[in-house]
Amino acid sequence: MKCLAQASTIALLWTASAASANEGMWMPNQTADVGAAMRADGLQIDPAQLSHLDAAPLNAIVSLGGCSASFVSPEGLIATNHHCVLESLQYNSKEGEDHLTNGFLAKSLSEELPATPGSRIYIIEDQRDVTADMLKGISADLTGFARHERLDANRKALIAACEEQPNRRCDVRAYYGGASYYLQQKLEIQDVRLVYAPARGIGEFGGDKDNWMWPRHTGDFGFYRAYVAPDGSPRPYAPDNVPYRPKNWLRIARQGLKEGDFVMVAGFPGTTDRFRTAREVGFNFAHYEPLWQRWLSDYAAQIKRATAGNRTAQIRYASILQGVENYAKKLAGDLAGADAVGLNARKVTEETAYRNWVAGDPALQARYGEAIAELDALVEESSRASLQRRGAALLGQAQILSSARTLYRWAKEHEKPDATRESGFQDRDRSEIIGRLTRVEREYLPDIDRKLFEAALEEYHRLDAKDRDTAFETALGQIGLDRLYADTKLADTATRLGWLDKPAAAFEASHDPFIKLAVALYPGDITAERTDKDLAGRTQAARATYMKGLLAYRKAIGRPVYPDANGTLRLTWGKVTGRTQDGQIWTPFTTAEGLLAKHTGKGEFDAPEAAIAAIRAKDYGPYVAPALGTLPVDFLSTVDITSGNSGSATLNGRGELVGLVFDGTLDGVIADWAFAGDRNRSIHVDSRFMLWTMDKIDGADRLLKEMGVQRASGSSAAGKRS
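Going from the sequence shown to this note's numbering is simple: count from 1 and add 87.
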């Protein structure tokens, strides 16, 4: 009775705080659990509508395989973040056509450019529970390696059956630590084209200095378009392909947001770790993230030094640099946030409550106790292994070496039947690998790569000898860095792709220095991979049972549980809300006048002249927010997001597009490990600023008309020249 009384008290406390905290990245099929709370906060459509993947608004939400996006017209036009189209801007830039700086606007369909090779648009069609199929043949007497291989075989069989349907891309993801599994089925669009992105002075205004910060004045938006064959079926790029016609698309809200309004975000958040144990959290913040943050910061500095004064090199490495700087800063926020919220103590308190609940009942102890102890032991083993793996990842800074390793692994895997090949190297992965190998041509310069590889080797040689690969070091010593770059032919794209179908014996007989290094690394890679698989299998067994117990505990206290983010479709909601903390007042909106105040005409704060002139003239047209009396740029909300949500549609209570989420605040990124409602804020670009830029600055009237937006009269649009 005492346990039940305690559970009731905790349930009441959670119910009182849940609506204001807006915690959770919920699966669409969980809307029955949270629909009432969403309605209470301002959702106007039926919550049940959000559980249907074949109906609006969810069937307008798409994945780009790393970013989220949404259809915004009947002609396959897709809105996402500027930083999500950055690689395509870079890929299509060259001397005299610097789309990274000047932006890009196609005046017609015929001017829309192919996106980066390998770009895809994935349209979600189905998300179904396949736990029973995944656990076929799984028993307690399997070794960790055997368990991993059985799960992997079951996963591949489910994917293969799903992908018998043409043009489908399917995957099976674990939920709740492997306590359950869902298959996600998506239509794969292979012809993706760049349509529009504003100039860097809008799309990246503030640069790394403002990244993860508030106030923010960044117009982080851009547009792709999905193309298909004339008969409507997906196929690779072809000149006679036509725009894809989606079943639904998002309408742009005619009425903008104001403070306190309900908003929800639909997208594909990447990874969170909120259900990690206290031991895992302690190791991560004491050892793993500090090391990784230092390495990334050093890598960003190395790229800047190596490309300084060379605009061609800066264009080639722009996307890599942005990604490195972004994550390094995020990790710095993690480390500071963990201290600020007392994360270690918080995790211990939460975990102790669960473990005491188990220990207080002999039946629960019999069911979950052994798994809890086993997981604790495995965490220690996994922590040591993770540092070893991270050290080996330093070698990935040499792009041609990474390509050579991919090519040789492909050759070795193709000695096996397709069903038994390693995931990522099956026939279904061929086009993705071709795209990855092709992209190197626009992200690589040999002299820059060598400088970065030399710096990586310095760090690599600081690792303990047992954590380094002797065969690799011997081979590199025999070749030497001069020959490594002078004698390789893999820098040529046609040559690089030509190796894709050669047998492993050809690699082993090759004199190309990067191929020789890849062959030398392969045995160690396979040994480490087998060790990792054995550990993963044992960990899955323990963690799945641990999480079943945690789910039972949460049910006992009346607290519904969303799974950690894992790259699948999720819903989250909140309110347009600022923040007051320790003398700082964050208003919920930033404005055009704030952008003007930051503008210096130099570096990261160099907005286009047309935008500055329009702001000074207060030429805002119909895009003024009545409550502000001026043009909004970005806004804050309490929605719960993480990496992968970039580009996600922000919807109002009627399911209309009011913006795109693109960032969080640095002191709130700790929410990846533990939600902190008092500091969690997400940053969105306001749809009114998007429309103003398209209308008044860039003359994107073709797109505005396509989206059903009435263009303002008397526009001062200067148009685009690049």
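Even for Gly, the Cβ is constructed at its ideal location relative to N, Cα and C.
>> Three or more C-beta pairs under 8 Å: does that hold for the stretch 355-371 against the stretch 405-417?
In response: No: the two stretches stay apart, fewer than three of their Cβ pairs being nearer than 8 Å.
>> Contact defined as beta carbons within less than 8 Å: I believe S774 pairs with H170. What is the distance between those atoms, to the nearest angstrom?
In response: Indexing the sequence shown from 1 puts residue 774 at position 687. Indexing the sequence shown from 1 puts residue 170 at position 83. Actually they are not in contact, since the Cβ atoms of S774 and H170 sit about 18 Å apart, beyond 8 Å.
> Between N413 and A485, what straight-line distance do the alpha-carbon atoms span, to the nearest angstrom?
Replying inline: Translated into positions along the sequence shown, residue 413 becomes position 326. Translated into positions along the sequence shown, residue 485 becomes position 398. One C-alpha to the other measures close to 20 Å.
> Can you tell me whether DSSP reads A166 as helix, strand or coil?
Replying inline: Numbered from 1 along the sequence shown, position 79 holds the residue referred to as residue 166. In this structure, A166 counts as strand in the three-state DSSP scheme.
> Which runs of the alpha helix (DSSP H) spanning at least 4 residues fall entirely within the stretch 184-263, listed in chain order?
Replying inline: 186-189, 218-221 and 231-249
> Roughly how many angstroms separate the alpha carbons of K417 and V606, rounded to a whole number?
Replying inline: In the sequence shown, counting from the first residue as 1, residue 417 sits at position 330. In the sequence shown, counting from the first residue as 1, residue 606 sits at position 519. Near 35 Å, if we compare the C-alpha coordinates of V606 and K417.
>> Between D278, A340, D551 and G343, which has its C-alpha nearest S320's C-alpha?
In response: Residue numbering aside, residue 320 sits at position 233 when the sequence shown is read from its first letter. It is D278.
> Roughly how many angstroms separate the alpha carbons of G795 and V315, rounded to a whole number?
Replying inline: Translated into the one-based positions of the sequence shown, residue 795 becomes position 708. Translated into the one-based positions of the sequence shown, residue 315 becomes position 228. Rounded to the nearest angstrom, the two C-alpha atoms are 23 Å apart.
>> Threshold first: 4 residues or longer. Then list the alpha helix (DSSP H) segments lying entirely within the stretch 659-741, N to C.
In response: Listed in chain order, they are 679-685 and 696-703.
> Using the C-alpha atoms, what's the distance from A491 back to A244?
Replying inline: The count along the sequence shown starts at 1 and reaches residue 244 at position 157. The count along the sequence shown starts at 1 and reaches residue 491 at position 404. Near 29 Å, if we compare the C-alpha coordinates of A491 and A244.
>> Could you check whether the stretch 416-433 touches the stretch 317-337, counting it as contact only if at least three pairs of C-beta atoms, one from each stretch, sit closer than 8 Å?
In response: No, they do not touch.
> What is the DSSP secondary structure of Y386, reduced to helix, strand or coil?
Replying inline: Indexing the sequence shown from 1 puts residue 386 at position 299. If DSSP states are grouped into helix, strand and coil, Y386 belongs with the helices.
>> Starting from M634, trace the alpha helix (DSSP H) in both directions and tell me its first and last residue.
In response: Residue mapping note: residue 634 aligns to position 547 of the sequence shown, counting from 1. Run containing M634: P600 to A643, per the alpha helix (DSSP H) assignment.
> Residues in its own chain within less than 7 Å of S138 by CB, not counting five upstream and five downstream?
Replying inline: For this step, residue 138 is matched to residue 51 along the sequence shown. For S138, where only same-chain residues beyond five positions count, the Cβ hits under 7 Å are P115, N116 and T118.
> To the nearest whole angstrom, what separates the beta carbons of E110 and G764, a pair I think is in contact under 8 Å?
Replying inline: As a position in the sequence shown, residue 110 is number 23, starting the count at 1. As a position in the sequence shown, residue 764 is number 677, starting the count at 1. With a Cβ gap of about 6 Å, E110 and G764 count as contacting.
>> Please classify R508 as buried or exposed, where buried requires at least 16 neighbouring CB atoms within 10 angstroms.
In response: Looking up residue 508 in the sequence shown gives position 421. Buried, since its Cβ has 16 or more Cβ neighbours within 10 Å.
>> My output table needs one value for F292: the three-state DSSP class, helix, strand or coil.
In response: Numbered from its first residue, the sequence shown carries residue 292 at position 205. In the structure shown, F292 sits in coil (DSSP, three-state: anything other than H, G, I, E or B).
>> Closer than 6 Å to a non-hydrogen atom of the ligand FMN - does that hold for the CB of P201?
In response: Absence of the ligand FMN is noted for the structure shown, with no ligands found whatsoever.
> Nearest to T436 by alpha carbon, out of A761, E376 and L790?
Replying inline: Position 349 of the sequence shown, counted from the start, is the residue given in the question as residue 436. Among A761, E376 and L790, the Cα nearest to that of T436 is on A761.
> Excluding the five sequence neighbours on either side, which residues of its own chain have a C-beta within less than 6 Å of the C-beta of G755, listed in chain order?
Replying inline: Locating residue 755 in the sequence shown gives position 668, counting from the first residue. Cβ neighbours of G755 within its own chain (closer than 6 Å, five residues either side excluded): R766, N767 and R768.
>> Could you compute how far the alpha carbon of G801 sits from the alpha carbon of G163?
In response: Within the sequence shown, the letter at position 714 stands for residue 801. Within the sequence shown, the letter at position 76 stands for residue 163. At G801 the pLDDT is 47, less than 50, meaning the model places this residue with poor confidence and gives no usable figure here.
> Of all the options E457, L718, F601 and D516, which has the alpha carbon lying nearest to the alpha carbon of A562?
Replying inline: Residue 562 sits at position 475 when you count from the first residue of the sequence shown. Of the listed residues, the one whose Cα sits closest to A562 is F601.
>> If you reduce the DSSP assignment to three classes, tell me which class S150 lands in.
In response: Reading the sequence shown from its first residue, position 63 is the one you call residue 150. In the structure shown, S150 sits in a strand (DSSP, three-state: E or B).
> Once you ignore the five residues that flank A460 on each side, which residues in its own chain have a CB closer than 8 Å to its CB?
Replying inline: Counted from its first residue, the sequence shown places residue 460 at position 373. Nothing listed; no residue qualifies.
> Is the beta carbon of L568 sitting closer than 7 Å to the one on Q389?
Replying inline: Taking the first residue of the sequence shown as 1, we reach residue 568 at position 481. Taking the first residue of the sequence shown as 1, we reach residue 389 at position 302. Contact: no.
>> Measuring only the C-alpha atoms, how far is I702 from T717?
In response: Taking the sequence shown and counting its residues from 1, one reaches residue 702 at position 615. Taking the sequence shown and counting its residues from 1, one reaches residue 717 at position 630. If you take the alpha carbons of I702 and T717, they lie about 10 Å apart.
>> Measuring only the C-alpha atoms, how far is K685 from D693?
In response: Along the sequence shown, one-based indexing puts residue 685 at 598. Along the sequence shown, one-based indexing puts residue 693 at 606. So the two alpha carbons sit approximately 9 Å from each other.
> Mind checking A506: buried by the 16 CB within 10 Å criterion, or exposed?
Replying inline: Translated into positions along the sequence shown, residue 506 becomes position 419. It is exposed - the Cβ of A506 has fewer than 16 other Cβ atoms within 10 Å.
> Taking contact to mean at least 3 C-beta pairs separated by less than 8 Å, is the stretch 339-356 in contact with the stretch 287-307?
Replying inline: no
> Terminal residues of the continuous alpha helix (DSSP H) containing S160?
Replying inline: For the purposes of this step, residue 160 is taken as the residue at position 73 of the sequence shown. Taken as a continuous stretch (DSSP letters only), S160 belongs to no alpha helix (DSSP H), as it is neither H nor E.
> If I246 and D258 are in contact, beta carbons under 8 Å, what's the gap, nearest whole angstrom?
Replying inline: The residue labelled residue 246 in the question sits at position 159 within the sequence shown. The residue labelled residue 258 in the question sits at position 171 within the sequence shown. Indeed they touch by this definition, with Cβ atoms about 7 Å apart.
> Where A498 and E541 are concerned, what is the direct C-alpha to C-alpha distance, given to the nearest angstrom?
Replying inline: Taking the first residue of the sequence shown as position 1, residue 498 is located at position 411. Taking the first residue of the sequence shown as position 1, residue 541 is located at position 454. If I take the Cα positions, the gap works out to 28 Å.
> Cα separation between P144 and D727?
Replying inline: The residue labelled residue 144 in the question sits at position 57 within the sequence shown. The residue labelled residue 727 in the question sits at position 640 within the sequence shown. If I take the Cα positions, the gap works out to 19 Å.
>> Tell me the residue span of the beta strand (DSSP E) that contains G309.
In response: Residue numbering aside, residue 309 sits at position 222 when the sequence shown is read from its first letter. It spans G309 to V315 - the beta strand (DSSP E) in which G309 sits, taken as one unbroken run.
>> Going by the DSSP bridge assignment, what does S769 pair with across the sheet?
In response: Taking the sequence shown and counting its residues from 1, one reaches residue 769 at position 682. S724 and G751, per the DSSP bridge assignment.
> According to the neighbour-count rule (16 or more other Cβ atoms, all chains shown, within 10 Å of its Cβ), is D148 buried or exposed?
Replying inline: Translated into the one-based positions of the sequence shown, residue 148 becomes position 61. The question names Asp, but residue 148 in the sequence shown is Ile. Per the 10 Å Cβ criterion, buried.
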